[in-house]
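*Asks:* The sequence shown: position 263 = 264 (the working numbering), numbered continuously.
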Amino acid sequence: MKRTSYIFIFVCLYFLEYTKAQDKLVLIKTNNIFDSSVVRTNLDKKNDFSFQNCSFGFGFGLTQFYGDISEDQDFNQAYVANMFIPFKDHFLQAELISGDISAKNPSYLFYNPRHTVHAIPVGLLKKGESFKMEFIELDINFLISFLEVIDMINLPKNGIPLVSKNQKLDLLCKLGVGLNFYRSLRQEITTGQFINSYGYDWMWENDFENAGTRKSSYVKQGVFVLGMIAKYEMNDQYDINFSVTSRIAETDKWDAKISGQHDMYMFYSLGAVLKFGVN
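(1) Where does residue 54 fall in DSSP's three states?
(2) Compute the beta-carbon to beta-carbon distance between residue 132 and residue 70, rounded to the nearest angstrom, for a pair I have assumed lies under 8 Å.
(3) On the three-state DSSP scale, how would you describe residue 132?
(4) Enumerate in chain order the residues of its own chain whose CB-to-CB distance from residue 228 is below 7 Å, with the five nearest sequence positions on each side excluded.
(5) Which class does residue 102 belong to by DSSP, given the choice of helix, strand or coil?
(6) Buried or exposed: which applies to residue 223, given that a residue is buried once 16 or more other Cβ atoms fall within 10 Å of its Cβ?
(7) Can you grab the Cα-Cα spacing for the pair residue 184 / residue 221, in whole Å?
(8) Contact defined as beta carbons within less than 8 Å: I believe residue 274 pairs with residue 99. What is the distance between those atoms, to the nearest angstrom?
(9) Measuring CB to CB, does residue 73 end up less than 7 Å from residue 107?
(10) Cα-Cα, which of 79, 169 and 92 is closest to residue 233?
(11) For residue 272, report the span of its beta strand (DSSP E) as first-last.
(12) Within 10 angstroms of the Cβ of residue 205, are there 16 or more other Cβ atoms? Answer buried if so, exposed if not.
(13) Quick check on this structure: which residue in 148, 134 and 138 has the alpha carbon closest to the alpha carbon of residue 83?
(14) Select from 60, 54 and 64 the residue whose C-alpha is nearest the C-alpha of residue 268.
(15) Using 7 Å as the threshold, is the C-beta distance between residue 59 and residue 272 below it?
(16) Is residue 145 helix, strand or coil by DSSP?
(17) Taking just the CA atoms, how far does residue 172 sit from residue 241?
(18) Please state whether DSSP places residue 140 in a helix, a strand or coil.
(19) Checking the sheet assignment: what are the DSSP bridge partners for residue 107?
(20) Taking buried to mean at least 16 other C-beta atoms within 10 Å of its own C-beta, is residue 216 buried or exposed?
(21) Can you have a look at residue 94 and say buried or exposed, based on whether 16 or more other CB atoms are within 10 angstroms of its CB?
(22) For the beta strand (DSSP E) that residue 246 lies in, which residues bound it at each end?
(23) Hey, out of 78, 76, 256 and 105, whose CA is closest to residue 197's CA?
(24) Evaluate residue 194 with the Cβ neighbour count: other Cβ atoms within 10 Å of its Cβ, from every protein chain shown; 16 or more gives buried, anything less gives exposed.
(25) Note the first and the last residue of the continuous beta strand (DSSP E) segment covering residue 179.
(26) Less than 7 Å between the beta carbons of residue 199 and residue 66, yes or no?
(27) At which residues does the beta strand (DSSP E) containing residue 225 begin and terminate?
(28) Quick one: is residue 77 buried, meaning 16 or more other Cβ sit within 10 Å of its Cβ, or exposed?
(29) Among residues of its own chain, excluding the 5 on either side of residue 105, which ones have a beta-carbon nearer than 8 Å to its beta-carbon?
As structure tokens, then:
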């Protein structure tokens, strides 16, 4: 969790410097004789913050896991809702995701001390392990437009801002932190025998026969978010977003198997964004 906090502080400091650079860029843009009126209009809309200028989006996508159990990866569905808050030339995004993650190692030979037959340990008899995790995640992300970054580089040299071209397609860099609330259950593939879990009652009676069947409280864990969004403007009220995002956990427990490395998953999503406050 400390590492996630350090990353969040670094991102905040970066954006403070980015905002200062944007303030200098505004002076250059507004003095440009080619497109000053167009640029001034765009900047005014972004600088005058109001919740009426916020955008709300909904979408769905697929998760793909990378960790200790990922030899045979499954794609699972997840759903996302988000809100975009404009601040000058970047956005703050609040994002809520709910879905499942699963994978298996079908050829992995392992020792399961809770696998017995008539109280005799036979942990090495079976092959294969799998896990399934259900989760809810809340993230706070910063979004930077690549076109705006190119503007910062191009405008002082050529005096022509790309923002005035009213590009329909834009690419956004996404950085953020979040909290992941999860339950994870690890089992043998062929028998369904319980191996380990987080967010479930172990229920050790009768040789763990009912372990992993009764849910307990979610386990909370910090995550670091890094990704990209391709945004296409359909009209003044709707955008279509395609997002590819990695979420790296401050834990090795998502697959209920510990090896000392951070687990992560990819989230590929497609969604629509409704823009408010558009005249």
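Glycine included, every Cβ here is placed at the ideal spot set by N, Cα and C.
*Replies:* Answer, in terms of the structure:
(1) Locating residue 54 in the sequence shown gives position 53, counting from the first residue. Looking at residue 54 - three-state DSSP - the assignment turns out to be helix.
(2) Residue 132 sits at position 131 when you count from the first residue of the sequence shown. Residue 70 sits at position 69 when you count from the first residue of the sequence shown. Confirmed, Cβ separation roughly 5 Å.
(3) The count along the sequence shown starts at 1 and reaches residue 132 at position 131. In this structure, DSSP gives residue 132 an extended state, which the three-state scheme calls strand.
(4) Against the sequence shown, residue 228 aligns to sequence position 227. Counting only Cβ-Cβ distances below 7 Å, and skipping sequence neighbours, we find 175, 244, 245, 246 and 247.
(5) Locating residue 102 in the sequence shown gives position 101, where the first residue counts as 1. Residue 102 falls in the strand class under three-state DSSP.
(6) For this step, residue 223 is matched to residue 222 along the sequence shown. Flag for residue 223 reads buried.
(7) Walking along the sequence shown from the start, residue 184 turns up at place 183. Walking along the sequence shown from the start, residue 221 turns up at place 220. The straight-line gap from Cα to Cα measures roughly 9 Å.
(8) Here residue 274 refers to the residue found at position 273 of the sequence shown. Here residue 99 refers to the residue found at position 98 of the sequence shown. With a Cβ gap of about 19 Å, residue 274 and residue 99 do not count as contacting.
(9) Position 72 of the sequence shown, counted from the first residue, corresponds to residue 73. Position 106 of the sequence shown, counted from the first residue, corresponds to residue 107. Closer than 7 Å, so yes.
(10) Here residue 233 refers to the residue found at position 232 when the sequence shown is read from its first residue. Checking every option, the nearest Cα to that of residue 233 belongs to 169.
(11) Working through the sequence shown from its first residue, we reach residue 272 at position 271. It spans 265-276 - the beta strand (DSSP E) in which residue 272 sits, taken as one unbroken run.
(12) Indexing the sequence shown from 1 puts residue 205 at position 204. Under this definition residue 205 is an exposed residue.
(13) Indexing the sequence shown from 1 puts residue 83 at position 82. Taking only the C-alpha atoms, the option nearest residue 83 is 138.
(14) On the sequence shown, position 267 is the one that residue 268 refers to. Of the listed residues, the one whose Cα sits closest to residue 268 is 64.
(15) Position 58 of the sequence shown, counted from the start, is the residue given in the question as residue 59. Position 271 of the sequence shown, counted from the start, is the residue given in the question as residue 272. Contact: yes.
(16) In the sequence shown, the residue the question calls residue 145 occupies position 144. Strand, per DSSP.
(17) Numbered from its first residue, the sequence shown carries residue 241 at position 240. Numbered from its first residue, the sequence shown carries residue 172 at position 171. Approximately 12 Å between the Cα atoms of the pair.
(18) Locating residue 140 in the sequence shown gives position 139, counting from the first residue. Residue state, collapsed to three classes: strand.
(19) Stepping through the sequence shown from its first residue, residue 107 is reached at position 106. According to DSSP, which records beta bridges pairwise, residue 107 is partnered with nothing at all.
(20) By one-based count along the sequence shown, residue 216 stands at place 215. Residue 216 is exposed by the Cβ-count criterion.
(21) Residue 94 sits at position 93 when you count from the first residue of the sequence shown. It counts as buried.
(22) If you number the sequence shown from 1, residue 246 lands on position 245. 239-250 is the extent of the beta strand (DSSP E) around residue 246.
(23) Translated into positions along the sequence shown, residue 197 becomes position 196. Nearest C-alpha to residue 197: 256.
(24) Along the sequence shown, one-based indexing puts residue 194 at 193. With 16 or more Cβ atoms within 10 Å of its Cβ, residue 194 is classed as buried.
(25) Counted from its first residue, the sequence shown places residue 179 at position 178. Per DSSP, residue 179 belongs to the beta strand (DSSP E) from 170-189.
(26) For the purposes of this step, residue 199 is taken as residue 198 along the sequence shown, with counting starting at 1. For the purposes of this step, residue 66 is taken as residue 65 along the sequence shown, with counting starting at 1. Cβ distance not < 7 Å, so residue 199 and residue 66 don't count as in contact.
(27) Here residue 225 refers to the residue found at position 224 when the sequence shown is read from its first residue. For residue 225, the enclosing beta strand (DSSP E) stretches over residues 220-234.
(28) On the sequence shown, residue 77 is found 76 positions in, with the first residue counted as 1. Buried is the call here.
(29) Position 104 of the sequence shown, counted from the first residue, corresponds to residue 105. 70, 72, 73, 75, 129, 130, 131, 132 and 190.
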